[in-house]
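Residue numbers (my numbering), protein chains in the order written: chain A, 4 to 801; chain B, 4 to 801.
Idealized CB from N, CA, C, for every residue including glycine.
There are 2 protein chains.
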Amino acid sequence: MSDFALVYDHFDPGTEGLRESLTSTGNGYFCTRGTAEWEDASGVHYPGTYVHGGFNRETTILGGRPVLNEDLVNLPNWLVLKLRIEGEEAIRLDNVELVSYEHSYDIRLAMVQRVLHFRDRAGRETALRSRRFVSMAHSHQAGIEWTLTPQNWSGRVEVISGLDGRVTNQMVARYRELEGRHLDPISPRTFGPEIIALKVRTRQSNIYIAEAARTRVFRGGEPVAVERDLHQMQDYIQQVLAFDVVQGEAVRVEKMVALFTSHDNAITETLSAAGRHVRRCPGFADTLEEHASAWTELWEVCDIELPREPRVQLLLRFHVAHVLQVCSRHTARHDAGVPARGLNGEAYRGHVFWDELFIYPFLNFRLPDVTRGLLLYRYRRLTEAQAAASEAGYRGAMFPWQSGSDGTEETQVVHLNPLSGQWDPDHSHNQRHVNAAIFYNVWQYYQATDDREFLRDYGAELMLEIARFWASIAHYNPERDRYEIHGVMGPDEFHEHYPGAEEDGLRNNAYTNVMVAWITDTAPRVLSLLPGTRRAALRARLQLTDDELHTWAEMSRKMYVPFHPDGIISQFEGYLDLEELDWEHYRAKHPNIQRLDRILKAEGEDPDRFKLAKQADVVMLFFLFSDQELRALFTRLGYDYDPALTRRTIDYYDRRTSHGSTLSLVTHAGVLAGLDPGSSWNRFMRALDSDIGDGQGGTTKEGIHMGVMSGTLDLLQRNYVGSDVRDGILYFAPTQLDRLDGLAFSMQFRGTPLRVSITGHELTVHALPEGFRGPVHIGVGGEVRELGAGGSWVIQLR
Amino acid sequence: MSDFALVYDHFDPGTEGLRESLTSTGNGYFCTRGTAEWEDASGVHYPGTYVHGGFNRETTILGGRPVLNEDLVNLPNWLVLKLRIEGEEAIRLDNVELVSYEHSYDIRLAMVQRVLHFRDRAGRETALRSRRFVSMAHSHQAGIEWTLTPQNWSGRVEVISGLDGRVTNQMVARYRELEGRHLDPISPRTFGPEIIALKVRTRQSNIYIAEAARTRVFRGGEPVAVERDLHQMQDYIQQVLAFDVVQGEAVRVEKMVALFTSHDNAITETLSAAGRHVRRCPGFADTLEEHASAWTELWEVCDIELPREPRVQLLLRFHVAHVLQVCSRHTARHDAGVPARGLNGEAYRGHVFWDELFIYPFLNFRLPDVTRGLLLYRYRRLTEAQAAASEAGYRGAMFPWQSGSDGTEETQVVHLNPLSGQWDPDHSHNQRHVNAAIFYNVWQYYQATDDREFLRDYGAELMLEIARFWASIAHYNPERDRYEIHGVMGPDEFHEHYPGAEEDGLRNNAYTNVMVAWITDTAPRVLSLLPGTRRAALRARLQLTDDELHTWAEMSRKMYVPFHPDGIISQFEGYLDLEELDWEHYRAKHPNIQRLDRILKAEGEDPDRFKLAKQADVVMLFFLFSDQELRALFTRLGYDYDPALTRRTIDYYDRRTSHGSTLSLVTHAGVLAGLDPGSSWNRFMRALDSDIGDGQGGTTKEGIHMGVMSGTLDLLQRNYVGSDVRDGILYFAPTQLDRLDGLAFSMQFRGTPLRVSITGHELTVHALPEGFRGPVHIGVGGEVRELGAGGSWVIQLR
């Protein structure tokens, strides 16, 4: 199990408090706020982030994305747990001498453990082990356990166990000028002598949140009689548990917690639900066992084994664990989307972008019902997207670039540049390509699962309305005999418009236009997959005319794609006319040029003037589509498709990309997999390291980066193993064979579980008899085989 | 389309008001309170029920079962719509002279229409057509339309359009002593000149409910400029629209309505969501068209054609329409259960009983995702059922006989006898057989759909925990070498305990014990259907031991079933010792003896003393299981199974059953299908008529009876067509061929759509190519065929 433990080895106690808290290692639904506190070198105070530069700061989470409406709301309770010895001030890491300290994160159980040995001012030495987890088995449940052992003393201690509803959103320094208070107090309550509870309500969205905690003390498995003293205010409640401890005898403190919101099902009122739940909650050990069992089942389908690369192994599992916490069945059934920063931080205010594109491929082949639930999140916001399209003068559905609970556009219109202190205009809402990603996601889910009911009831409507949006934002240019799209941005956020131009956006972003060519070709196929009555009903309901279908067919053959004279795809029309940047100059001058836009703007320069990119844009096409698909796409468009162009195009943009989004590393690593294995692997390693190593210098403390975490898993599956579904066949085309020796993982294709492994130059695909749903078609190169229950195919590669 | 219209022909205006309201013909989620009012002969005032003795009283609904916590809550808005002519008092049916009146319910669209022609005191004659519906396309949307035509006058009218949050629960006379106020006012609001809105909150469960209404007036398709006058209080808001009308010129008033609750997804705050929704809402005609399109899709899969029996045809469709409104995708995705009285009335306070048993078979073969959603309603309450079992000293899950939003037992402990005015003790919570029904429902869903993912993720856990409950409530009697269950009640509610006994319940209710024998045989099969890892994980999580599995195996062979000496199955142990009732006496004395218990108790007698039953109990076994299954069950139990016994057992209990539950008619009609077609058909007709004809004399006005409505559909499919899934094969064994000539309907078996029809003595099963999911196995008698896409089998019967 050592592969599953992450031990933080460069601990610096700093001013970290000993106030215990739940960790963020929740299941994405139960969430509360961490409390370990920290000041960095500049004196900035952080109330806790998850993993920061290898240093675990506990966490701030919010979870309850489902319950959120206005950006991120800190859930109301700091699960205060403090220790006082002999009536002295509460123990903090800065008022004791640490004899030893170990802080570890058990990836397998998503559990944080700390083992401390400290000496207080009176010379008393005490050992303290803390463990805490948020249950994956019961989404309302969490637990903290302290094991205290006086080393050289006996005496009286007090444990303060509280629920604090006064929390605010303060985690992201640059947001602190914004209103951080989002909770109105409702009431504290007790349920018998052992249970305290607190209820609050979000200010704007009127969501009630209640938490209850039961604190007990044990010695040698037996309950310890403690003296309890209650203190409560409208927004805070605590118990002080006083009891005697004896030198060398361990006592265990258990704080079991339940959280409910008014969005929960199967309850009446939140406070009583929380109280009742925690009253019935078993002890820490039993609860942990159930939690562990749920994780065991998850690892069974989601683990990736790569024994020969221990660090890669560890980080892949680290990422799997995080993806599974944010995208769990619990979140999927609670109308939760996938916020770009997971449930671990307040950055981006919990907004949902396009990261799903990098997350669903992993889930589609393992936990497809989670993808399905998350796609329904989009479906439920279709009405809002339709209204947005209509209000902007388009047809169909226009999903917003950034959105929250109600599905409206939440993208900021000004953006603080920390380098200049200026608020710059922000046009990033013009990233209409998020609509292409949603269309792609539905199609990929369908390809992996063959879930025709989803396509029929929800997916097709989403896809058709998105296709229609693209047809309405595009226009026909008779001079070129091509369809064009103006006024949008690609994924590269450094280019918002032409230098000095008044109007937003760019003309004919290549990524967008090629995606639209693919969408307008695919949408009619979606229609043809529907039962006739459903097709007729949907067309009638949407008033989808033959003329529109004709336009789609035209667009699929006539979308305009800009090229440079040398055949390289131009990021957008006019890109070639931009100035080259002196990259050497900026690299020499700045240790990190990922956010080159901020550097340039702070110098009074306009990033729009230069041939530069924050992240992969054109290159995304080579990531999302196989060579075969791209060839078909370009051929249908009447453009030459030269395979050699792939490498040249990638190289061209690689030289001009700051990789200011961690996703860019994933994309480039992916497209280079077969072309330049060494370079690809290096980028993969950087991507793997980006959150654990805080590769962007300070952003991880504001929340993990879901896209890159899951992107590393996607890249492994999509590019390194080369899996791809075409025409109902799951193809494999592995690269990086030297490094992937020993790789083994499970997939599920159209309901049938598969075991995929690589040994040397052999790829083995095994259709497991257990849970077998039906024969599946597997392809390698030009060969396709059908695997029945228990069937295997050992393929010699190269 | 005339088959789809129900015209109420014996209208009596009484004191019915002209205050318009939404009808209950909602989709089971959007709901509001009806307003047409009525006083019955005794002067009791009813604020409106749905269909009462052929008289349509508009409706009281609550919908939002999902949002309900304490019993039924009237949603806050009476959608007040009143008419004043020339400043006089508002038009009511009792202050005008009705020249003509037609009131119809369009079953196909679940739309109510009224066409009135009235003469007011000033001699003005006016025609008024009203139509209203709750959208099946958009669950938040509803609309009312008035078309007003002055016949012999011109002048000024005022239309009062309001939202009234002061509603209370008053519909059921005998509940009126209970607290009927469940709403706290929050605030009224306007959104521009045309839209009024109101927000309230439920008192105990803290659910916010907001409704917004946009009222517009049109003449000849053009908007009419109206003078608007606003009046608002904290719990009421209205607009008065004043405008001129001209003799012979029709004006249309459209009141479009949106309703949101704080349980809704994809919103922030309810009031703003409602306002925004109704602002964007198209006009009445377009909204109605979308609604109609959604119903067209539903009828496509759910219609039952029986052209040779027009009345049966009409009532089957009437029942289909009601089932689809209560059990729609909208309810299924909102954590809604299936209340026994649908969403149409306040009786039983919205509680969920066991009616699902009669509802899901129809849905399983047509809208399986709706069943799936409704089974998840039970799954989400598994924790509560486990706690209930544990608190009662049992293991596993003990689902309550009556429950509401949080899944706790809600069965009343005293019950008002309207005949005596006494509150009698009520022991009906001992109907543990609801747990057998839930187990059966999951299994039937799985049989019809082959949804292994549901079984794996949810269904198996539900079933195993229910099996375990039965194993823990049962005990082994070494004298008999049998397992027995004491202290429970069967479906027959007249027998709560032995005469004069202190303790609740009876010993060895045969229905319960046989169900348990089947459950303990089936549960291990469920386990064996799971993938090995899931099976292991679930067993570990539930701590399900080999000993328990052994006990199940034992119970499946050794459950005790009581018999009379002549081989008739005894309803429970000791039933034979009870006294015979003088049925002739009571039939002569009382026009209706369905509620014989109340009659006896009012006479000071104890129903427990007699051989009588409210409804089918033992007989249920012959309804739920095929002859083959029962034979296997009894043989495994070591009891003789004599087919002749079926008829004798049914006859025996038929003579001793008052059919005080409408479900009893369905059950008896079902089991008699092959034995006594004429008697079966007569009972089927009575069951069909029971709500439309208010067969129980006054209960329909308190809400429809979901069980009997859907039971008639179940009976048709289960007994008259004789469909039954065994070992993955869908068998048909039609009866009643003479009456079913011309029958045609659609089914869906394991994803593949089928068309089933009967012509003369031919049964045709056709596997539709459209939407074809895979070959299906169809059986008739001993013959089984596989049908591929487009395949048909024409079977000669008899």
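For A439 (chain A), the three-state secondary structure derived from DSSP is helix.
If the five residues before and after E308 (chain A) are omitted, its C-beta is found closer than 6 Å to the C-beta atoms of A747, all from its own chain and listed in chain order. Distance between N444 (chain A) and G681 (chain A), taken at the CA atoms: about 30 Å.
Excluding residues up to 5 positions away in sequence, R87, V243 and A245 lie with their Cβ nearer than 6 Å to the Cβ of E161 (chain A) in the same chain. Measuring C-alpha to C-alpha distances from A440 (chain A) to each of A:V227, A:W357 and A:D692 identifies A:W357 as the nearest.
For R651 (chain A), the closest Cβ of chain B is not nearer than 8 Å. For the segment 204 to 223 of chain B, residues whose beta-carbon sits nearer than 8 Å to a beta-carbon of chain A comprise Q207, S208, N209, I210 and Y211. Around the beta carbon of M236 (chain A), fewer than 16 other beta carbons sit within 10 angstroms, so the residue counts as exposed. Using a C-beta cut-off of 8 Å, the segment 270 to 279 of chain B makes contact with the segment 198 to 213 of chain B, since at least three inter-stretch Cβ pairs fall below that distance.
For W357 (chain A), there is no enclosing alpha helix (DSSP H), as DSSP marks it with neither H nor E. Using a 10 angstroms sphere on the CB of V417 (chain B), the tally of other CB atoms stays under 16, which defines it as exposed. Under the Cβ distance rule, H769 (chain B) does not count among the residues neighbouring chain A, no pair being separated by less than 8 Å.
Counting only the Cα atoms, Y397 (chain B) lies some 28 Å from E300 (chain A).
In the three-state reduction of the DSSP assignment, M709 (chain A) falls in the helix class, which pools H, G and I. Going by C-alpha positions, L233 (chain B) is about 12 Å away from A200 (chain B). About 6 Å separates the CB atoms of A343 (chain B) and M709 (chain B); that is less than 8 Å, so the two are in contact. Residue environment for K592 (chain A): exposed (fewer than 16 other C-beta atoms within 10 angstroms of its C-beta). In this structure, DSSP gives D549 (chain A) a helical state, which the three-state scheme calls helix. Here the alpha carbon of Y486 (chain B) sits roughly 24 Å from the alpha carbon of E496 (chain B).
In chain order, V797, I798, Q799 and L800 place their CB closer than 8 Å to the CB of E765 (chain A), counting only its own chain and leaving out the 5 sequence neighbours on each side. In the displayed model, T218 (chain B) falls within a strand according to three-state DSSP.
When Cβ-Cβ separations below 8 Å define contact, T150 (chain A) makes no contact with chain B. Residue-level contact by beta carbon holds for I270 (chain A) and chain B, with a gap shorter than 8 Å.
Around the CB of G90 (chain A), fewer than 16 other CB atoms lie within 10 Å, so the residue is classed as exposed. For L552 (chain A), same chain residues with a beta-carbon under 7 Å away, outside a window of 5 residues either side, are P527 in chain order. Among the CB atoms of chain B, none fall inside 8 Å of the CB of G794 (chain A).
Distances from the alpha-carbon of G407 (chain B) to those of B:R369, B:N433 and B:Y380 put B:Y380 closest.
Contact of D372 (chain B) with chain A is assigned, a C-beta pair being separated by under 8 Å. In the DSSP assignment, R689 (chain B) falls within the unbroken alpha helix (DSSP H) covering P680 to D692. The beta carbon of P778 (chain B) lies closer than 7 Å to those of E789, L790 and G791 in the same chain, with the five residues before and after it left out. Assignment of beta-bridge partners to E225 (chain B) by DSSP yields B:R222. For N480 (chain B), the CB contacts under 6 Å within the same chain, skipping 5 residues up- and downstream, are E487 in chain order.
Per the DSSP secondary-structure output, G165 (chain A) pairs in a beta bridge with A:Q241. If you look at A747 (chain A), you'll find it in the beta strand (DSSP E) that goes A747 to F752. Here the segment 618 to 633 of chain B makes no contact with the segment 523 to 543 of chain B; the two share fewer than three CB pairs at distances below 8 Å. Between G146 (chain A) and V281 (chain A), the gap from beta carbon to beta carbon reaches 8 Å or more.
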